[in-house]
Structures are given as C-alpha cells and as structure tokens.
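Q:
Following this line, the structure appears as structure tokens:
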C-alpha cells in the first residue's frame, strides 16, 4: 500500500469528488491525516454515503481529527468494516463514532486497538456494543482499559443480543472481575469462536474460564473456543 503525504491525499479526494467517483472501499493505512486531510475526507464521505470498508489505521488521528471525519460519516448507513488501529482517538473519538453510527445497522468489524482508550472510553465502547447487534469482530487490544473497563465491555456483550464471533482483548489489563464475566460470556455464547486474551493476567483467565471451555490452547494465550455441550 502506497504511503501518501497529506497533500497527496487531499488531491486524491478532490479528484474523486470532482469526477463523482463513488467507491465502496478506501484503504489509507499509515498515511498521515491532519486537520485538512480530515476535512477533505469528511466532505467526501458526506457525498459518498455508500462506503462499506474504511481503513485509517496508523494515520496519526487525534480525537479532534477523527471527530471531523465522523461528521462526514453520519449519513453512512452502509459501513461494515472500520479499521482504526494505531491512532489516538481516545474517549471523545469513540463518542463521535457512536453519534455518527447511530443509524448504521451493518457494522460487522471494528478495530480500535492501540488508541489510548481508558476505562471511561471502555464504557462508551460498551454502549456502542449494546447498540450494534450486527457486530461480528471487535478488536480492543493494546488499550489501557483496566480490569474495570474490560469488564464493562464484556458485560455489554453478556447482556446484549449480539452475534460476535471474534474478540481481541490482548494487553488491556484484565483481572479477576473481567475474567469472571468472560467465563460467564463463554458459557452463554452461541457465536463466539475466537478469543485473544494474551498479555493479561492469564492466571485469572484460567481460574474463571477454563471450566467453560472444552478445548483451550494457552500457547500465546490465544483461545479457540468450543463451549461445553449441556
């Protein structure tokens, strides 16, 4: 994937708008996006509400820049896959995303790993999870959620009618409370089949989850789940 300067990015978006070129997928990983780039993207998304896959991973996005982009995504009801890893959107960015996606019922994949999300941001993520029953893959790894924050997300999954299949919670600060909820989620779930809880308190994971898992591989602490038949 070619890495572009922000000026090149703005020129590309300008041409897409000028010649009315709607696209379904836009991949811009590791491309720096500042205020001007965010404004151009927001304007394009407003005029192209049918985009289904968007990757802005590693774009150096701040919460303010991402909020600008979200203002352009507010009309989008088709977005299914959103990749935002390795940015700094924080809690305010998550709030902007929730507002922008309020009418979206197709979101299937959300990757917000490595975005400096804390326990307060985790509560916002939990609210988002409750509202998006279409979500199939959620990546929250490498965020300082803490045990309390991770627990809020897991409680949302436990108490919502979701179709989540893949959950990534590597290095988020899980402890006894969140692992207890995770064990209950594993026992209840009919869809969850892939779980990454690496770089957490694996003792707590084993203590609370192993009785609910028929086959558990602790190699790298990535778990393939087969719930025990009742």
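Residue numbers (our numbering): 2 to 231. Backbone N, C-alpha and C define an ideal beta-carbon position, used for all residues, glycine too.
#1: Going by other Cβ atoms of all chains shown within 10 Å of its Cβ, with 16 needed for buried, is residue 66 buried or exposed?
#2: Pop quiz: residue 171 and residue 197 are said to be a contact at Cβ under 8 Å. What is the actual Cβ separation, rounded to whole angstroms?
#3: In the DSSP output, which residue or residues are listed as bridge partners for residue 67?
#4: Assuming residue 173 is part of the alpha helix (DSSP H), what are its boundary residues?
#5: Mapping the DSSP letters down to three states, classify residue 19 as helix, strand or coil.
#6: Measuring straight from C-alpha to C-alpha, what distance separates residue 11 and residue 68?
#7: By Cβ distance, which residues of its chain are closer than 7 Å to residue 125, with the 5 residues on each side in sequence left out?
#8: Which partner residues does residue 54 have in the DSSP bridge list?
#9: Contact check, residue 134 vs residue 161 under 8 Å by CB: the rounded distance?
#10: According to DSSP, residue 130 sits in a beta bridge with which residue or residues?
#11: Answer yes or no: do residue 111 and residue 146 have a C-beta to C-beta separation smaller than 7 Å?
#12: Can you look up residue 111 in the DSSP assignment and give me helix, strand or coil?
#13: At the level of alpha carbons, what is the spacing between residue 34 and residue 62?
#14: Quick one: using the 10 Å Cβ neighbour count with 16 as the cut-off for buried, is residue 78 buried or exposed?
#15: Could you name the residues that DSSP lists as bridge partners for residue 89?
#16: Out of 116, 158, 150, 138, which one is the CA nearest neighbour of residue 131?
#17: Taking DSSP as the reference, what is the three-state secondary structure of residue 158?
#18: Write down the C-beta distance between residue 205 and residue 177 rounded to the nearest angstrom, noting that I regard them as a contact closer than 8 Å.
#19: Looking at residue 58: is its Cβ nearer than 7 Å to the Cβ of residue 87?
A: In short, the structure shows the following:
#1: By the neighbour-count rule (16 or more Cβ atoms within 10 Å), residue 66 is buried.
#2: The C-beta distance from residue 171 to residue 197 rounds to 5 Å, short enough to meet the 8 Å contact threshold.
#3: Paired residue(s): none; residue 67 is not in a bridge.
#4: Counted as a single uninterrupted DSSP element, the stretch harbouring residue 173 is not any alpha helix (DSSP H), since DSSP gives it neither H nor E.
#5: When secondary structure is reduced to three states using DSSP, residue 19 falls in the helix class.
#6: Residue 11 and residue 68: Cα-Cα distance of roughly 18 Å.
#7: Short of 7 Å from the beta carbon of residue 125, and not among the five residues preceding or following it, lie these beta carbons of its own chain, in chain order: 92, 95, 96, 99.
#8: Partner(s): 26, 82.
#9: Right, their Cβ atoms sit about 7 Å apart.
#10: Looking at the DSSP output, residue 130 shares a beta bridge with no other residue.
#11: The answer is no: Cβ separation not under 7 Å.
#12: Strand.
#13: Rounded to whole angstroms, the separation of the alpha carbons of residue 62 and residue 34 is 6 Å.
#14: By the neighbour-count rule (16 or more Cβ atoms within 10 Å), residue 78 is not buried but exposed.
#15: Residue 89 is bridged to 63.
#16: The residue among 116, 158, 150, 138 with its C-alpha nearest the C-alpha of residue 131 is 158.
#17: Residue state, collapsed to three classes: helix.
#18: Right, the Cβ-Cβ distance comes to about 5 Å (below 8 Å), so this counts as a contact.
#19: Contact: yes.
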